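Structure first, then comments.
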Amino acid sequence: MNARWVALFSLLALIVASFLSLDLHWLVFFETDSVQSMGRFVLEFMHPDLQPQFVLKVWYASLETIAMSALSTLIAACLGLVIAFKASGVRPLLNLLRAVPELVWASLLLIAVGLGPFAGTLALALHTTGVLGRLYLEAIENQTDGPAFALRAAGASSAQVFFFAQLPQALPQLVSYTVYRWENNIRAAAVLGVVGAGGLGQMLSFHLGLFQMNKAATVIAATLILVALVDSLSDRIRRRLG
Amino acid sequence: MRVELQQVSAGLDPAQAILQNFSLRIEKGEHIALIGPSGAGKTTLLHLLGLALAPHAGQVLHGDRDYWAARAGVRHQYRAQVMIAPQTPPLPPRQRVVTAIQAARLAYMGFWASMLAWLAPRDLVEVRNVLAEFDLADKLFERVDRLSGGERQRVGLARLAWSLADLWLVDEPLAALDPVRARQAMQVMTGLARQREVTLVASFHQVELALEFFPRVIGLREGKVFFDAAPKDIRQEDVAALFENEKGL
Amino acid sequence: MIRVRSVDQPTLRDPAASGRVFFVGLFVLAIWQMARLTEFDLLTLFAAFTDPAPRNFLLGFFPPAHSVAFLTLALVETWRTVAIATCGMFIAGLIGLPIAILLTRVLSLSAIGQPQFGGAVFSGFLRRVLRSLMVFLRSVPELIWALLLVRVVGLGPTAGVLAIAISYSGMLGKVYAEIFESVDPLPTLSLLNQGASRLQAFAFGLLPQCSDELISYSVYRWECAVRSSVILGFVGAGGLGQQMDLSMKMFAGDEVCTLLILFVLLVSFADWASQALRKAWE
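Residue numbers (this note's numbering), protein chains in the order written: chain A, 6 to 247; chain B, 16 to 264; chain C, 35 to 316.
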């Protein structure tokens, strides 16, 4: 009982302290010009720019975004397999890769390789390797021993045991994890662009900066469609496996 | 080559060695059947002979060589000469029969050769012939998890037949087979072993079949040799005494 | 498919072989195209280790910035990140909870006895609208909300708080509703039958049964919000993220390193706090 009150009290204290310490501009919503400009934005938003030239640009950015998400997931899957095979002393590195958010990786990599989707792809690949590496490791560790034991006893090398016994057994689980991460990565790829890593995000940031709400609306719509497509595709793949 | 166990103590749990001070001598090309109640140490013995389990004490000699004293690499290379067929067929569920069988020769293939063999399996006719011995020719490209228990067990034996080892250690190969299939499998297995002059050690629950097909039968009980003789020298009472108290423990 | 070439030299064909070759080819083609689209170039990556600007940035990481002035600034920003997440979650809860209550069929007055024609249809319609609204709020990535809001309310924590509030309200609303639906409806229904108001039935019948789950999920989401608010900082929504962005733009590797360390510590702390809170509540 006591613990509950302490918890409740600290929670309330946290909430109050948070509101007090930030200078939040509530009044912004009630000032006339901001209400007017918000109204204008909303209106522009309702009329997305659908001119063929622009839609083509959005289409190309979508391809770039999907390529970023798919390639990075594939790279992470390959590295994840290598990690699952090596298996020892690699967990701290994986935790580091996972802990740093994709966007932070992207910002760091931008400094290294410059603006564009390459930085985004690498950032996603690094972060996803951390996630998939750990999932793959656990999936393979949790397996039953039988086939691996038999192949090992028959003189197969560790790599052969991995490919002919451990991997085939764990494969449905690994594919499921990978496809699930792809769902996450398509969302991440779409927004990484706001820091300059290419794709739809970069377009969105650009047009919002110019207050071109109608163009931004098209980009956002394309993002939502892309995410929905990948979600449904990944759903179907996972259902076929299970 | 000859295999010898000299005063070996072994067991999966280091604290409780099932086999203690155990000695055994097997000549090249011998066929030996192991019978005995559960927990007697049959599987432990097979794993010992197969270099899959290290002894706590004593020596395991293959051709007068103790591979546990050798470097790991040398020992592992020798494992290619020995094949253990475990009780539960060690077949990954989603793998196809053709790949599962060809995996028996992995030790003889380099890594990239084995990858290529997975992509484009070769020697398909020969593999099918081996399967045909066990009446499974039509299952060549089938997935393991689409086979029945009995079929999987026969695939396990076909895998054994495909291997190039000259020491076969087989753990309960007839458990999932009906009497007709069991007899068939026994005939094929012992026939092939004789043909290739392979040393064969197999454990069974089916005592009659063991006595019928094997010239030397060892009865194991609580980690000790209860009897070690030719079938004609083994009496009904000996077998009964071997399994005494097994049911109703 | 078994194909016999001739009587004395039979050969077998692996039925999966052509399919495999086809997929390998397709795969290679896809990778090649994707590498092109993403401007994948390993040479550029290796150049990063030799070019002076990125190299100095990386080398500048050690030792991490530890001047009192900077550390104070960094700690203040860390607190602000927590504050943004907390305010955002609080507002999200304020929005999500009522919506979840509205969505819960158990509390629907029209469900008692014979549902009136108009009542049932209207409340069903309202429910669908609310659900779609929440799906929309959830699907748009927070970062996009933040981008939009920064244009409207300017740089700073307000945009971050609102972005979190909007997108998390969708999540909370949905999950709260699911939690409410999963609870045993009997106590609630009996209270309604006695004539209690919907809110009374909620507070005395439904809430006590699932308060643990609600708290548990909300605290877990708060942890996510802390991480989100760092990310939102990169588009100007205040806190640790904004500072990280600034330091990176100034190529101050040592500052970035300190901020990253603080970030990892913050996330660990949030994880600990959420575990502690959830345990204390049981």
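The C-beta atom is built at its ideal place from N, Cα and C for all residues, glycine as well.
Bear in mind the structure is a predicted one, so any value in this text is a computation, not a measurement.
- DSSP lists B:Gln74 as the beta-bridge partner residues of Gln21 (chain B).
- Looking from the CA of Met73 (chain A), the closest CA among C:Val110, C:Ala99, C:Arg89, C:Met68 belongs to C:Met68.
- Met43 (chain A) has a beta carbon lying within less than 8 angstroms of a beta carbon in chain C.
- Beta bridge pairing from DSSP links Ser42 (chain A) with no other residue.
- Interface annotation, Val62 (chain C): not in contact with chain A, CB-CB separation never under 8 angstroms.
- Taken atom to atom, the span from the alpha-carbon of Lys91 (chain A) to that of Gln171 (chain A) is near 13 angstroms.
- When only Cα atoms are considered, Cys244 (chain C) and Ala18 (chain A) end up about 23 angstroms apart.
- With a contact defined as Cβ atoms closer than 8 angstroms, Gly138 (chain A) and Gly85 (chain A) qualify at about 5 angstroms.
- For Cys121 (chain C), the chain A residues whose C-beta falls within less than 9 angstroms of its own C-beta are Ile20, Ser23, Phe24, Leu27, Leu29, listed in chain order.
- Going by beta carbons, Pro105 (chain B) and Phe154 (chain A) fall inside the 8 angstroms limit.
- Taking C-beta atoms as the reference points, Leu49 (chain B) and Leu235 (chain B) count as a pair closer than 8 angstroms.
- The Cβ atoms of Ala195 (chain A) and Thr228 (chain A) lie closer than 8 angstroms to each other.
- Within the segment 151–164 of chain A, the residues whose Cβ lies closer than 9 angstroms to any Cβ of chain B are, in chain order, Gly151, Pro152, Ala153, Phe154, Ala155, Leu156, Arg157, Ala158, Ala159, Gly160, Ala161, Ser162, Ala164.
- Contact with chain C is absent for Leu238 (chain A), since none of that chain's Cβ atoms lies less than 8 angstroms from the residue's Cβ.
- Counting of Cβ neighbours within 10 angstroms places Gly164 (chain B) among the exposed residues, the total staying below 16.
- Cβ neighbours of Val136 (chain A) within its own chain (closer than 7 angstroms, five residues either side excluded): Arg103, Arg186.
- Each residue's CA atom was taken as its position, placing Ala25 (chain B) and Asp186 (chain B) some 17 angstroms apart.
- For Trp183 (chain B), the enclosing beta strand (DSSP E) covers residues 182–186.
- Ser129 (chain B) and Val166 (chain A) have their C-alpha atoms some 11 angstroms from each other.
- For Glu73 (chain C), the chain A residues whose Cβ falls inside 7 angstroms of its Cβ are Gly121, Pro122, Phe123, in order along the chain.
- Judged by pairs of C-beta atoms under 8 angstroms, the segment 147–163 of chain A does not touch the segment 236–244 of chain A, as fewer than three such pairs exist.
- One finds Arg261, Val264, Ile265 in chain C with Cβ atoms closer than 8 angstroms to the Cβ of Pro106 (chain A), taken in chain order.
- Secondary-structure assignment with DSSP links Ile47 (chain B) through a beta bridge to B:Val216, B:Arg231.
- Judged by beta-carbon spacing, Phe156 (chain B) lies within the 8 angstroms limit of Pro49 (chain C), meaning their Cβ atoms are closer than that value.
- The beta carbon of Ser250 (chain C) sits closer than 6 angstroms to the beta carbons of Arg312 from its chain, once the five residues preceding and following it are set aside; these are given in chain order.
- Here Ser74 (chain A) carries a helix assignment [DSSP, helix/strand/coil].
- Val235 (chain A): member of the alpha helix (DSSP H) spanning 218–246, first to last residue.
- Residues of the same chain with a CB within less than 6 angstroms of the CB of Leu127 (chain A), apart from the 5 flanking positions on each side, are Leu114 in chain order.
- Beta-carbon to beta-carbon, Gly73 (chain B) and Gln21 (chain B) are separated by about 5 angstroms, close enough to satisfy the 8 angstroms threshold.
- Excluding residues up to 5 positions away in sequence, Lys220, Ala221, Val224 lie with their Cβ nearer than 7 angstroms to the Cβ of His212 (chain A) in the same chain.
- Our two residues, Glu141 (chain B) and Thr45 (chain C), have alpha carbons roughly 10 angstroms apart in a direct line.
- Leu179 (chain A) has its alpha-carbon roughly 13 angstroms from the corresponding atom of Val87 (chain A).
- Among the residues of the segment 128–153 of chain B, those with a Cβ less than 8 angstroms away from any Cβ of chain C are Leu134, Ala135, Pro136, Leu139, Val140, Arg143, in the order of the chain.
- Thr78, Leu79, Ala82, Pro88: these are the residues of the segment 78–89 of chain C whose beta carbon lies less than 7 angstroms from some beta carbon of chain A, given in chain order.
- For the pair Ile116 (chain A) and Pro88 (chain C), the CB atoms are nearer than the 8 angstroms cut-off.
- The three-state reading of DSSP puts Ala225 (chain B) in helix, counting H, G and I together.
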